[in-house]
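Undergrad:
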Amino acid sequence: MAQPVAQLENVLAEINTSKCKKTFNRFKSDRFKRVKPSWRHPRGIDNRVRRKYRGTISMPNKGFKTAGVIKNLTPDGYRKVMVSNVRELEALTSLNMYYCAEIRHGVGAKKRIEIVSKADEYNILVTNRTGKLVEDTK
Numbered sequence: 084m085a086q087p088v089a090q091l092e093n094v095l096a097e098i099n100t101s102k103c104k105k106t107f108n109r110f111k112s113d114r115f116k117r118v119k120p121s122w123r124h125p126r127g128i129d130n131r132v133r134r135k136y137r138g139t140i141s142m143p144n145k146g147f148k149t150a151g152v153i154k155n156l157t158p159d160g161y162r163k164v165m166v167s168n169v170r171e172l173e174a175l176t177s178l179n180m181y182y183c184a185e186i187r188h189g190v191g192a193k194k195r196i197e198i199v200s201k202a203d204e205y206n207i208l209v210t211n212r213t214g215k216l217v218e219d220t221k
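According to this note's numbering, the stretch in the sequence shown is residues 84 to 221, in order.
What follows is the structure, given as structure tokens:
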């Protein structure tokens, strides 16, 4: 059982060092207000970004891809599983070291309270445990 814990510590260390998102802005979006910064692939025949000239902005490619070991992990090192009822939560009881629950958006307050109480009983982390549980102050 000690081996998975050691692997988890290695993964968490890798998350802290290598999970930095590079923002790719559209070419010449800093020059013109009409050109928004959201990325568009340059298609011009003379475009120096498309032709990968030295000194120009970089284009997104697979070299910037997140490592498969840390992909879709939370900063705590868990993988999220969407849960809409207690039965789906019970599937995570043996995997609570690697997976955390996230309650789906459409789940109401009553069922949410039930899920959160069962998660505490099963020792499962719930990421959005306080959502839709705000009391009315009227």
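Ideal Cβ placement from N, Cα and C applies to all residues, glycine included.
This structure is a prediction, so every number in the text was calculated from the model and none was measured.
1. Report the residue from Asp159, Ser121 and Ser200 whose alpha carbon sits nearest the alpha carbon of proline 143.
2. Considering Cα atoms alone, identify which of Ala184, Thr157, Tyr181 and Val132 is closest to phenylalanine 107.
3. Can you tell me where the alpha helix (DSSP H) with tyrosine 205 in it begins and where it stops?
4. In whole angstroms, what is the alpha-carbon distance linking asparagine 206 and isoleucine 153?
5. Return the chain-ordered ranges of every beta strand (DSSP E) run that is complete within the segment 150 to 177 and spans a minimum of 3 residues.
6. Report the residue from Arg123, Phe115 and Val209 whose alpha carbon sits nearest the alpha carbon of serine 167.
TA: According to the structure data:
1. Working through the sequence shown from its first residue, we reach residue 143 at position 60. Per the Cα distances, Ser121.
2. The residue you call residue 107 lines up with position 24 of the sequence shown. Of Ala184, Thr157, Tyr181 and Val132, the residue nearest in Cα terms is Val132.
3. For the purposes of this step, residue 205 is taken as residue 122 along the sequence shown, with counting starting at 1. 192 to 205 is the span of the alpha helix (DSSP H), which, as asked, contains tyrosine 205.
4. Indexing the sequence shown from 1 puts residue 206 at position 123. Indexing the sequence shown from 1 puts residue 153 at position 70. Using only the alpha carbons, I get a separation of about 23 Å.
5. 162 to 166
6. Your numbering for residue 167 matches position 84 in the sequence shown. Checking every option, the nearest Cα to that of serine 167 belongs to Val209.
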